[in-house]
Amino acid sequence: MDAHSLYLHIPFCQKRCAYCDFNTFAGLENTIPAYVSALCREIRLVAASLPYRLPVHTLFFGGGTPSLLSVDQVASILETVAAVFDVSPQAEISLEANPGTVTREALRGLRRLGVNRLSFGVQSAHPEELTILTRLHDFSNVIRSVQWAREAGFDNLNLDLMFGLPGQTLERWRRTLELTLELHPEHLSLYCLTIEKGTPFFRWSARGLLDIPDDDLAADMYELAIDRLGEAGFIQYEISNWARPSGEGTLYSCRHNLQYWRGLPYLGMGAGAHGYAGGFRTANVKPVPHYLQRCQRGESQPFPRSPANEEYHPVSVKDEMAEMMMVGLRLTEEGVSGEVFQRRFGRRLQEVYKKTLATLEQQGLIEWAGQNQDQLRLTRRGRLLGNRVFSAFL
């Protein structure tokens, strides 16, 4: 049985950011105790559907703002997971945190519980940009939070940054990178702003109120990051993610996210969480009241089902192949292995996607690499035009 990953969704925020379209809710903090109880019940019900303890090697508290939970609430969830799953002693346990609200005491408590990786939502070093994003912190909060995390014993920190922001210039983006590098994180995640339907940003953009950088400037920002982070010793291992070497011949890459990109199984629990295991895709109900009701009243279902699922369907071989290409090509160094593809599906990658590969190679977007020229990966140009590449496999 493959080791699985657990994604645990914490949908609460003190304030919903104007660009965010994730399943998050502000003003529901009073429901957190009931939510934690429901999440623990969902964990137990999914685990009960198996006659053995499922091996787990990564856990990820995502959101939302998981750091809104008390240390005792995180402890309750981790104790539940440990009671019903076979959690590896070397498991990566990640938690997303808001640098504007996290406390020194909480970070110490989380580290004592076994949380060993933190991800801070920094986004920008400039107060004007943070204000536009409706974030609750400034960069001084980031500096303080990183210091507290180090004091607490965390030696694996990720910092999230955003580019392509309203009014952002290349020089301001360069300054954000430089100030962030001074904090010596082990990992960086860089995301270009996308305007999502249903968000305040979508409405403001439609009214011409946002000065969004054009595609050429956003591409310049991305290329600047590739070059500058490479100079600083970071390895780009995924289209939006960079990691430092660990000193043990590996990188401080996010092992949990590698599970997604390699097409390996993961269970998603919590309101709106998605999962992929046993050849099935699952998606939980999004509204917190509906989630609470389903978990409180539901019973154990055949694995990997949960009483909180609103979607549950098998994945066809054709869809699995396409998914392997789309998520695997996000791995800029590793790419998609022809050998692994053939072992998994019994067909050669070059035969299944012969025309598509020829077109993408002709456009200079993909290349074959590796000792046996068996690793298909994006070229540098392909990283800039990743969505074009991925959509070619749909």
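The sequence shown maps to residues 1 to 394 in full-length UniProt numbering. Glycine included, every Cβ here is placed at the ideal spot set by N, Cα and C.
With C-beta atoms as the reference, is residue i less than 9 Å away from residue j?
| i | j | result |
| --- | --- | --- |
| Leu-159 | His-187 | yes |
| Ile-132 | Val-115 | no |
| Leu-78 | Leu-54 | no |
| Thr-199 | Ala-18 | yes |
| Glu-105 | Ser-119 | no |
| Glu-128 | Cys-295 | no |
| His-256 | Ala-271 | no |
| Ala-34 | Leu-229 | no |
| Phe-163 | Leu-193 | yes |
| Met-326 | Phe-390 | yes |
| Cys-40 | Thr-80 | yes |
| Leu-177 | Leu-224 | yes |
| Lys-286 | Asn-23 | yes |
| Leu-107 | Val-74 | no |
| Leu-45 | Ser-337 | no |
| Leu-6 | Thr-58 | yes |
| Phe-393 | Thr-356 | yes |
| His-4 | Val-71 | no |
| Thr-169 | Val-122 | no |
| His-126 | Arg-175 | yes |
| Ile-226 | Arg-16 | no |
| Arg-117 | Leu-69 | no |
| residue 395 | Phe-345 | Here the chain covers residues 1 to 394 and nothing more, so residue 395 does not appear. |
| Glu-231 | Ser-253 | no |
Helix, strand or coil, according to DSSP, for residue i in the structure here?
| i | result |
| --- | --- |
| Cys-40 | helix |
| Arg-228 | helix |
| Asn-98 | coil |
| Gln-73 | helix |
| Pro-89 | strand |
| Asn-309 | strand |
| Pro-245 | strand |
| Pro-185 | coil |
| Glu-333 | coil |
| Tyr-191 | strand |
| Gly-275 | strand |
| Asp-319 | helix |
| Ala-152 | helix |
| His-4 | strand |
| Gly-109 | helix |
| Arg-53 | coil |
| Gln-342 | helix |
| Asp-374 | coil |
| Asp-215 | helix |
| Tyr-147 | First, the residue type needs correcting, since residue 147 is Gln and not Tyr in the sequence shown. Gln-147: helix per DSSP, three-state reduction. |
| Gln-168 | coil |
| Ile-10 | strand |
| Tyr-222 | helix |
| Ile-239 | coil |
| Ser-119 | strand |
| Pro-314 | strand |
| Glu-361 | helix |
| Glu-196 | coil |
| Thr-356 | helix |
| Tyr-266 | strand |
| Asn-23 | coil |
| Phe-163 | strand |
| Glu-367 | strand |
Compute the minimum distance between the beta carbon of residue i and the heavy atoms of the ligand SAH, and state whether it is under 8 Å.
| i | result |
| --- | --- |
| Glu-248 | The ligand SAH is absent from the structure shown, which contains no ligands of any kind. |
What residues in its chain sit with their C-beta under 8 Å from that of residue i, if we drop five residues either side in the sequence?
| i | result |
| --- | --- |
| Gly-27 | none |
| Val-288 | Pro-11, Phe-25, Leu-28, Thr-31, Tyr-35, Ala-271 |
| Ile-235 | Trp-242, Ala-243, Arg-244, Pro-245, Leu-251, Glu-333 |
| Asp-21 | Glu-196, Lys-197, Gly-198, Thr-199 |
| Gln-342 | Arg-348, Leu-349 |
| Val-315 | Tyr-276, Gly-279, Phe-280, Arg-281, Glu-323 |
| His-313 | Phe-280, Arg-281 |
Please list, in chain order, all residues of the same chain as residue i whose beta carbon is under 7 Å from its beta carbon, the five residues on each side excluded.
| i | result |
| --- | --- |
| Thr-379 | Gly-364, Leu-365, Ile-366, Glu-367 |
| Ser-240 | Ser-189, Leu-190, Tyr-191 |
| Tyr-276 | Pro-265, Tyr-266 |
Near residue i, what residues of its chain come up, given a Cβ to Cβ distance below 6 Å and the 5 sequence neighbours on each side ignored?
| i | result |
| --- | --- |
| His-274 | Gly-268, Ala-283 |
| Leu-8 | Phe-61, Met-269, Gly-270 |
| Gly-100 | Leu-136, His-137, Asn-141 |
| Gln-14 | none |
| Gly-263 | Met-324 |
For the structure I just gave you, are there three or more beta carbon pairs, one from the segment 361 to 368 and one from the segment 292 to 300, closer than 8 Å?
no
Do the segment 199 to 219 and the segment 234 to 254 meet, that is, are 3 or more Cβ pairs less than 8 Å apart?
no
So does the segment 317 to 332 actually touch the segment 369 to 389, counting three or more Cβ pairs closer than 8 Å?
yes
For the segment 135 to 146 against the segment 78 to 92, do three or more pairs of beta-carbon atoms, one drawn from each stretch, fall closer than 8 Å, so that the two count as touching?
no
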